[in-house]
Amino acid sequence: MITREPEFLPPPINMRGRLGRAVLLNCRNAGRALLILLEAMTSLRFVLSKRSRPVVLQQLYVTGIKSLGVISVVAMFTGMILALQMGLELRKYGQEVNIGLAVMVSMLREMGPFMTALILAASVGSAMAAELGTMTVSEEIAALEVMSISPVRFLVMPRLAAMMIMTPLLTFYACMLGVVGGAIVGATQLGVSVPAYLDNATRWAENKDLYVGLLKSFVFGIMITTICCYQGFATTEGAVGVGRATRRSVVVSFLSILVVGYIITRLFYQ
Amino acid sequence: MIRFEHVSKYFGERKVLDAVNFKVERGETFVIVGFSGAGKSVTLKHMIRLLTPDTGKIYVGNDLISTSTGADLVRLREKFGLLFQGAALLEWMSVFDNVALPLREKTNMSDAEIEKRVEEKLRQVNLTGVHDAMPSELSGGMRKRVGLARAIVMNPEIILYDEPTSGLDPVTSRAIDQLIDRMRLELKVTSVVVTHDLFSALAIGTRIAMIYDGRILEISRPTDFIRSQNEIVKRFLDAQYITKKGAWERTDHETQ
Numbered sequence: 014m015i016t017r018e019p020e021f022l023p024p025p026i027n028m029r030g031r032l033g034r035a036v037l038l039n040c041r042n043a044g045r046a047l048l049i050l051l052e053a054m055t056s057l058r059f060v061l062s063k064r065s066r067p068v069v070l071q072q073l074y075v076t077g078i079k080s081l082g083v084i085s086v087v088a089m090f091t092g093m094i095l096a097l098q099m100g101l102e103l104r105k106y107g108q109e110v111n112i113g114l115a116v117m118v119s120m121l122r123e124m125g126p127f128m129t130a131l132i133l134a135a136s137v138g139s140a141m142a143a144e145l146g147t148m149t150v151s152e153e154i155a156a157l158e159v160m161s162i163s164p165v166r167f168l169v170m171p172r173l174a175a176m177m178i179m180t181p182l183l184t185f186y187a188c189m190l191g192v193v194g195g196a197i198v199g200a201t202q203l204g205v206s207v208p209a210y211l212d213n214a215t216r217w218a219e220n221k222d223l224y225v226g227l228l229k230s231f232v233f234g235i236m237i238t239t240i241c242c243y244q245g246f247a248t249t250e251g252a253v254g255v256g257r258a259t260r261r262s263v264v265v266s267f268l269s270i271l272v273v274g275y276i277i278t279r280l281f282y283q
Numbered sequence: 009m010i011r012f013e014h015v016s017k018y019f020g021e022r023k024v025l026d027a028v029n030f031k032v033e034r035g036e037t038f039v040i041v042g043f044s045g046a047g048k049s050v051t052l053k054h055m056i057r058l059l060t061p062d063t064g065k066i067y068v069g070n071d072l073i074s075t076s077t078g079a080d081l082v083r084l085r086e087k088f089g090l091l092f093q094g095a096a097l098l099e100w101m102s103v104f105d106n107v108a109l110p111l112r113e114k115t116n117m118s119d120a121e122i123e124k125r126v127e128e129k130l131r132q133v134n135l136t137g138v139h140d141a142m143p144s145e146l147s148g149g150m151r152k153r154v155g156l157a158r159a160i161v162m163n164p165e166i167i168l169y170d171e172p173t174s175g176l177d178p179v180t181s182r183a184i185d186q187l188i189d190r191m192r193l194e195l196k197v198t199s200v201v202v203t204h205d206l207f208s209a210l211a212i213g214t215r216i217a218m219i220y221d222g223r224i225l226e227i228s229r230p231t232d233f234i235r236s237q238n239e240i241v242k243r244f245l246d247a248q249y250i251t252k253k254g255a256w257e258r259t260d261h262e263t264q
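For the record, the sequence lines run as chains F and S. In this note's numbering, each number is its position in the first sequence, counted from 1, plus 13. In this note's numbering, each number is its position in the second sequence, counted from 1, plus 8.
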């Protein structure tokens, strides 16, 4: 059951008690979030069913198309900044043509997945937490459960499917735009021609860089959905609670993206 | 139909239900009244297992709902329709989609059959011409009626009403009362209504239970309820200016 009874915990006796409780509650919350993820994953078999298709399409639109603008701007400028900073340093050694490789590898390995995930957590993820949080406090989630409609299958599964598809696609798009941004800076400010830049970028970058980056973004998409939907379902105390859930969903998502991003990098690049 | 046996519930240190015992008979409209915070809504939420008792048992028919989980709980919940206090309509869905939701999610009915059933239920709650309206465009009374249409769309055996007239003007409140009464007469359903509106309770209830401080003080027919000798019940009746004849009365003291 997603709808939970109100919790009444006695105040902790001392600081150690407070810390211990915080650890235990966070472990319990992580467990609950994982259970939601598990149910959503098993519900993915309904993703193409007649009743789910329109909701999934709507979520694909919200996640993908509506995020396109901000991701385009951020990706383009990230590539431009990377090219400029590295180009200015490399120019001291006459190596400015290598900005192609630097921008391509940076975008594929780290910047593309990170920037995309952070943008999606801040825009789509926070919206998920706010929507589900509002539904929780206005008893809409309880109404679904009373009607024996699983809120996870009905609400989380389409969001999860959309994020699993759209995060890697948007990441790839962000990487390509970042490379284009780098090419513009290279051509206009560093004197690196576009063919030379692209030749350098494609010659040394490996397929592994692309695959690991896309894997990262796929994992980030799942994480953001799980964290934000869980925070929405765990909302209590009305409008203030919705605000708190939204803020917490963004903060926890950001921290998780950084930590899990490092772990994946460590696994594939030793 | 529904049986509470020594049901107690704590919220932290506070006992919100204290060894509650009562039985709702098939086909009746059982009204639970009481002051704010007395435990009315908590009692209602126990019936459909949105809350679980700390001690005691709750039966729906012969099935123990208070410990049911999984498929058993789903099967038992299918016997219920619940009208939430704020109607709990899904705000991004139209009136039609809200009412059709349980049919689309829980049955294999065709679109034509769903449309027919939704039309029928909307007509039963006196709502026409609002199919495409969004919940935010509806008045409080209309929202409640849409909520009721959604609650009855699966033809439940039991309908639970959580404060059905709260926040509504007297005319709309009486219209909702009539609807609740019609549901009992036409659909032969068992109804449990939680309210603090005594006019409503007296108008629709076949029996009225007064809950106070988590305990059931009195269960009686409306005609007996207004003649109760219990001091707390009398205070509750007096607070709503209801006399032993069931009429509204204003004392000279109040008019000064």
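Think of the CB as a built atom: it goes at the ideal place given N, C-alpha and C, for glycine as much as any other residue.
Are residue i and residue j close, meaning C-beta to C-beta below 8 Å?
i	j	result
L133/F	T180/F	yes
S149/F	T55/F	In the sequence under discussion, the amino acid at residue 149/F is Thr, which differs from the Ser named in the question. Contact: no.
E204/F	A96/F	First, the amino acid is wrong: residue 204/F is Gly here, not Glu. No.
G89/S	I167/S	yes
E153/F	A96/S	yes
T91/F	M117/F	no
I112/F	M93/F	no
G194/F	M89/F	yes
A218/F	L145/F	no
N106/S	V154/S	yes
L190/F	S85/F	yes
M176/F	V60/F	no
V161/S	R125/S	yes
T180/S	T203/S	no
Of all Cβ atoms in chain S, is any one closer than 8 Å to the Cβ of residue i?
i	result
M160/F	yes
P24/F	no
F59/F	no
E109/F	no
P1/F	Nothing can be reported for residue 1/F: it is not among the residues displayed for chain F, which extend from 14 to 283.
E52/F	no
E250/F	no
F246/F	no
P67/F	no
S139/F	no
Can you tell me whether DSSP reads residue i as helix, strand or coil?
i	result
V133/S	coil
R281/S	Not covered by the structure: residue 281/S. The range shown for chain S is 9 to 264.
I26/F	coil
E17/S	Strictly speaking, residue 17/S in this sequence is Lys, with Glu absent from that position. Strand at K17/S.
A252/F	helix
N29/S	strand
F12/S	strand
G100/F	helix
F21/F	coil
K105/F	coil
L176/S	coil
H275/S	As shown, chain S starts at 9 and ends at 264. That puts residue 275/S outside it, with no answer to give.
Could you tell me whether the Cβ of residue i comes closer than 8 Å to any Cβ of chain F?
i	result
F12/S	no
K114/S	yes
A96/S	yes
T203/S	no
P267/S	Since the first and last residues shown for chain S are 9 and 264, residue 267/S lies out of range.
I56/S	yes
E86/S	yes
T60/S	yes
V126/S	no
When DSSP builds the beta bridges, which residues end up paired with residue i?
i	result
M218/S	V41/S and E226/S
I167/S	G89/S and S199/S
L72/S	Y67/S
Below 8 Å on the Cβ atoms is my contact criterion, and I expect residue i with residue j to pass it. Report the Cβ-Cβ distance as a whole number of Å.
i	j	result
A155/F	L58/S	6 Å
I237/F	S206/F	Contact doesn't hold; Cβ gap of about 39 Å is too wide.
V41/S	I188/S	With a Cβ gap of about 14 Å, V41/S and I188/S do not count as contacting.
T198/S	E165/S	6 Å
V165/F	E52/F	4 Å
A183/S	G149/S	7 Å
S139/F	C241/F	7 Å
Consider the C-beta atom of residue i and the heavy atoms of the ligand NAP; say whether any pair is separated by less than 7 Å.
i	result
G138/F	As for the ligand NAP, it is missing from this structure, which has no ligand bound.
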